[in-house]
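Engineer:
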Amino acid sequence: MNLTVRDLFTLNEKFRDIKIIAGEKGIHRKIKDVLVMEAPDGAYWVKEGDFLVSAGFGFKDNIEQLDEIIKVLSEKRAAGLAIKKGRFIKDIPGSAVKLADELNLPLLELPFEMSYRDLTWPIIGRIINEENYNLKISEQLRKALWQTHNEKYSLDDILNLMLSYINKTVILLDNRLDVRIYKGKSSNQEDLVPVEDIIEYLEDNLITNNIPPSPVSFKIEGYNYLIFVLKTPDEILGYLCIASRSEIYELEKILAAQCIPFLIIAILAHQKQQESSLKLREDFFEGLLLGNYLSESAIEKGAEFFNLETNTSRAVVIISHSGSKDNSADNELPDDVLYELRSLPELKHQKEIIKKGDRIIILYKVKKENDFSSLKKELTGWFEYFSKVFVYKHPKLSVHMGVGNIYRSLGELHKSYQEASLSLKLGPKIFNSAPVFFYNDLKLYHILFLFRNHPVMLDLYRDTVGKLVDYDSKNSTNLVKTLTAFFENNCNINQTSRKLYIHRNTLYNRLERASEITGINIGTSEGQLLFQLALKLKEIYNLNGF
1 MNLTVRDLFT LNEKFRDIKI IAGEKGIHRK IKDVLVMEAP DGAYWVKEGD
51 FLVSAGFGFK DNIEQLDEII KVLSEKRAAG LAIKKGRFIK DIPGSAVKLA
101 DELNLPLLEL PFEMSYRDLT WPIIGRIINE ENYNLKISEQ LRKALWQTHN
151 EKYSLDDILN LMLSYINKTV ILLDNRLDVR IYKGKSSNQE DLVPVEDIIE
201 YLEDNLITNN IPPSPVSFKI EGYNYLIFVL KTPDEILGYL CIASRSEIYE
251 LEKILAAQCI PFLIIAILAH QKQQESSLKL REDFFEGLLL GNYLSESAIE
301 KGAEFFNLET NTSRAVVIIS HSGSKDNSAD NELPDDVLYE LRSLPELKHQ
351 KEIIKKGDRI IILYKVKKEN DFSSLKKELT GWFEYFSKVF VYKHPKLSVH
401 MGVGNIYRSL GELHKSYQEA SLSLKLGPKI FNSAPVFFYN DLKLYHILFL
451 FRNHPVMLDL YRDTVGKLVD YDSKNSTNLV KTLTAFFENN CNINQTSRKL
501 YIHRNTLYNR LERASEITGI NIGTSEGQLL FQLALKLKEI YNLNGF
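Just so you know, the sequence shown maps onto residues 1 to 546 in the UniProt record's numbering.
(1) Using 10 angstroms around the beta-carbon of N521, count the other beta-carbons present and answer buried if the total reaches 16, otherwise exposed.
(2) Which of helix, strand or coil does DSSP assign to Y201?
(3) Less than 9 Å between the C-beta atoms of G427 and L442, yes or no?
(4) Please state whether the Cβ-Cβ distance between K425 and G402 is less than 9 Å.
(5) Taking C-beta to C-beta, are L230 and I181 nearer than 9 Å?
(6) Examine the Cβ distances between the segment 15-27 and the segment 103-117 and report whether three or more of them are shorter than 8 Å.
(7) Report yes if the C-beta distance between K367 and E352 is below 9 Å; otherwise report no.
(8) Grab me the residues of F262's own chain with a C-beta within less than 8 Å of its C-beta, minus the 5 sequence neighbours each way, in chain order.
(9) Rounding to the nearest angstrom, what Cα-Cα distance links L226 and D61 in this structure?
(10) Out of Q258, D174, G238 and K219, which one is the CA nearest neighbour of R245?
(11) Check the C-beta distance from N478 over to F372 and give it rounded, since I have them as a contact under 8 Å.
(12) Would you call the CB atoms of L81 and L105 closer than 9 Å?
(13) Does the distance from the CB of I319 to the CB of L308 come in under 9 Å?
(14) Do you know how far the Cα of E304 is from the Cα of S416?
(15) In angstroms with no decimal places, state the Cα-to-Cα distance between I124 and I248.
(16) Run the CB neighbour count on Y407, radius 10 Å, all protein chains shown included, and call it buried at 16 or more, exposed below.
(17) When the Cα atoms are used, what is the spatial distance from A266 to L155?
(18) Return the chain-ordered ranges of every alpha helix (DSSP H) run that is complete within the segment 21-104 and spans a minimum of 4 residues.
(19) Who are the Cβ neighbours of L192 in its own chain at under 7 Å, not counting the five residues just before and after it?
(20) Return helix, strand or coil for A266, following the three-state DSSP convention.
(21) With respect to the alpha helix (DSSP H) encompassing residue 547, which residues constitute its N-terminal and C-terminal limits?
(22) In the DSSP assignment, find the unbroken alpha helix (DSSP H) run with H400 in it and report its ends.
(23) Just mark V179 as buried or exposed, buried being the case when its beta carbon has 16 or more other beta carbons within 10 Å.
(24) Note down, in chain order, each residue of its chain lying with its Cβ closer than 8 Å to the Cβ of V469, except the 5 sequence neighbours on either side.
(25) Which residue wins for smallest C-alpha separation from E250, given the options I137, K143 and L422?
(26) To the nearest angstrom, how far is it from the Cα of R504 to the Cα of L530?
(27) Measuring only the C-alpha atoms, how far is V317 from F88?
(28) Beta-carbon separation of F57 and N160 under 9 Å?
(29) Between V97 and G222, what straight-line distance do the alpha-carbon atoms span, to the nearest angstrom?
(30) Can you round the beta-carbon distance between K103 and I70 to whole angstroms, since I take them to be within the 8 Å contact cut?
(31) Using the C-alpha atoms, what's the distance from K85 back to V5?
(32) By DSSP, does G302 sit in helix, in strand, or in coil?
(33) Tell me which residues share the same chain as T120 and place their Cβ nearer than 8 Å to its Cβ, disregarding the 5 neighbours each side in the sequence.
(34) According to DSSP, is L155 part of a helix, a strand, or is it coil?
(35) DSSP state of D470, grouped into three classes?
(36) Looking at E64 and S95, is the spacing between their C-beta atoms short of 9 Å?
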């Protein structure tokens with residue numbers, strides 16, 4: 001049957017809403033075929049009598065191309081061009097309308113709600129059967145997908161192309177079930193698809209399976225869903241969900257399936273690009289932390305390139321595991337630790353978080369440069385919660401955190417990094433019950449650690465606590481334990497005696513005996529200082545691995 005552009009307006013009820021905005025003198029042109037044009041060069045594939053349909057995706061970034069397309073269509077004796085405004089283009093340029101009028105090429109405007117199926121099937125149905133129609137639309141999408149692939153279009157572009165063929169809501173979830181891209185038919189709040197229903201369904205029915213089925217269809221509270229699992233042989237990359245209150249047709253399922261390989265390639269390409277960018281960023285951070293940048297200008301250029309604030313005070317925070325509790329070899333920090341940290345509300349403004357080997361390093365921005373007490377309270381608060389969640393998820397591992405001092409300059413962050421590293425090295429061995437170690441609490445230990453093998457330090461230890469250790473060993477006494485408790489209780493006789501469950505006189509006798517053995521009067525401030533230094537040296541000498 002011969003079908004003209006004029007006949008379109010009487011095909012069915014929906015076609016009555018189509019508007020002709022230019023080229024009305026050409027409405028007697030015969031329609032021999034219908035083509036969906038979403039690739040920029042689609043006009044060059046046209047044959048005489050072809051009627052083109054577009055949502056404007058192919059020329060959304062260069063609307064002036066529409067004039068050239070109209071010229072080509074006229075030269076090819078096309079039947080006409082129908083454009084759907086709203087998603088990719090807001091208005092049809094006046095120059096295009098004028099040119100279509102001059103060339104008598106019918107230029108039509110489609111209702112936003114009209115899908116490709118609503119438009120093309122009634123036309124094709126007058127020309128060919130349904131099977132040929134499905135093959136035709138599928139082939140058109142395949143060509144458009146290869147066009148986007150060859151021109152290195154983004155993941156977003158591929159979804160836009162798919163959306164122009166499938167007039168449904170499209171949602172892309174990552175492999176953690178976080179919404180990565182949401183493309184709805186409408187921006188109205190009441191029309192938004194309840195994504196939480198999709199996530200709950202996936203958690204309950206797919207994630208627990210070793211091999212999630214793909215695709216899977218289901219219906220919840222009036223919405224029809226179709227979900228494809230985006231995966232490689234090694235990993236799940238995410239989930240593509242199509243949602244609609246109306247039926248999802250078989251053709252739409254076929255078209256969506258065609259897009260899956262291209263989506264997977266786009267996701268992998270994006271991951272590769274992110275990894276390269278992250279590697280450059282991590283290399284810059286590593287240079288800062290190791291003090292490799294001698295020039296302030298080099299630091300400023302790097303900070304500008306990576307969008308790193310330079311007028312902000314920071315302290316380096318390092319999170320590391322303390323080894324497997326069952327001494328197994330599998331004691332690396334799991335890959336999801338970085339994600340768990342970034343999900344904490346307290347860290348939403350901390351952008352510089354990187355994983356380096358078995359450590360997480362944070363260039364922690366602080367609000368007040370000299371307010372270290374507030375920083376201690378803040379860090380201890382969220383890390384206590386994080387460590388509990390971590391141990392619950394990974395019972396074989398435990399984590400500690402080391403914190404360096406606050407510095408204003410990026411060029412001084414290597415000092416904070418060294419301090420945080422030392423805090424992690426010394427802290428668990430000296431304060432073994434604490435999860436967080438601050439360099440400010442370990443400064444004295446740092447000094448003693450640096451000079452632990454100096455002859456003066458060795459003599460100090462041997463002449464004080466060293467003698468008491470030997471005496472306790474030979475005589476089964478507790479002088480070292482008594483001294484330790486005495487200083488832990490701020491040299492308070494009553495508190496110390498209660499702590500040790502001994503009489504005050506017994507405590508006096510032990511302290512006097514320690515003074516006699518060493519020749520140092522523990523009753524003086526100088527004597528107490530020497531004994532305290534020697535006790536801390538004892539802790540350092542007893543550390544494993546030093």
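We treat Cβ as the ideally placed atom computed from N, Cα and C, and that holds for glycine.
Structural biologist: Inspection of the coordinates gives the following:
(1) exposed
(2) Of the three classes helix, strand and coil, the one that applies to Y201 here is helix, per DSSP.
(3) yes
(4) yes
(5) no
(6) yes
(7) no
(8) The answer, listed in chain order, is L145, T148, H149 and I158.
(9) 31 Å
(10) K219
(11) N478 to F372, Cβ: 37 Å. No contact.
(12) Result yes, Cβ atoms of L81 and L105 sit closer than 9 Å.
(13) no
(14) 21 Å
(15) Rounded to whole angstroms, I124 to I248 spans 20 Å at the Cα level.
(16) buried
(17) It is roughly 5 Å from the alpha-carbon of A266 to the alpha-carbon of L155.
(18) 65-75 and 94-103
(19) G184
(20) helix
(21) There is simply no residue 547 to check, as the chain begins at 1 and stops at 546 in what is shown.
(22) Taken as a continuous stretch (DSSP letters only), H400 belongs to no alpha helix (DSSP H), being part of the beta strand (DSSP E) at V399 to Y407.
(23) exposed
(24) Counting only Cβ-Cβ distances below 8 Å, and skipping sequence neighbours, we find V480 and K538.
(25) I137
(26) 23 Å
(27) 45 Å
(28) F57 is a Cβ neighbour of N160, given a cutoff of 9 Å.
(29) 41 Å
(30) A quick correction: the sequence has Leu, not Lys, at residue 103. Between the beta-carbon of L103 and that of I70 there is about 7 Å, and that keeps the pair under the 8 Å contact cut.
(31) Cα-Cα distance, rounded: 19 Å.
(32) helix
(33) V34, V36, V53, Y133 and I137
(34) helix
(35) helix
(36) With respect to the 9 Å criterion, S95 and E64 are classified as neighbours on the basis of their beta carbons.
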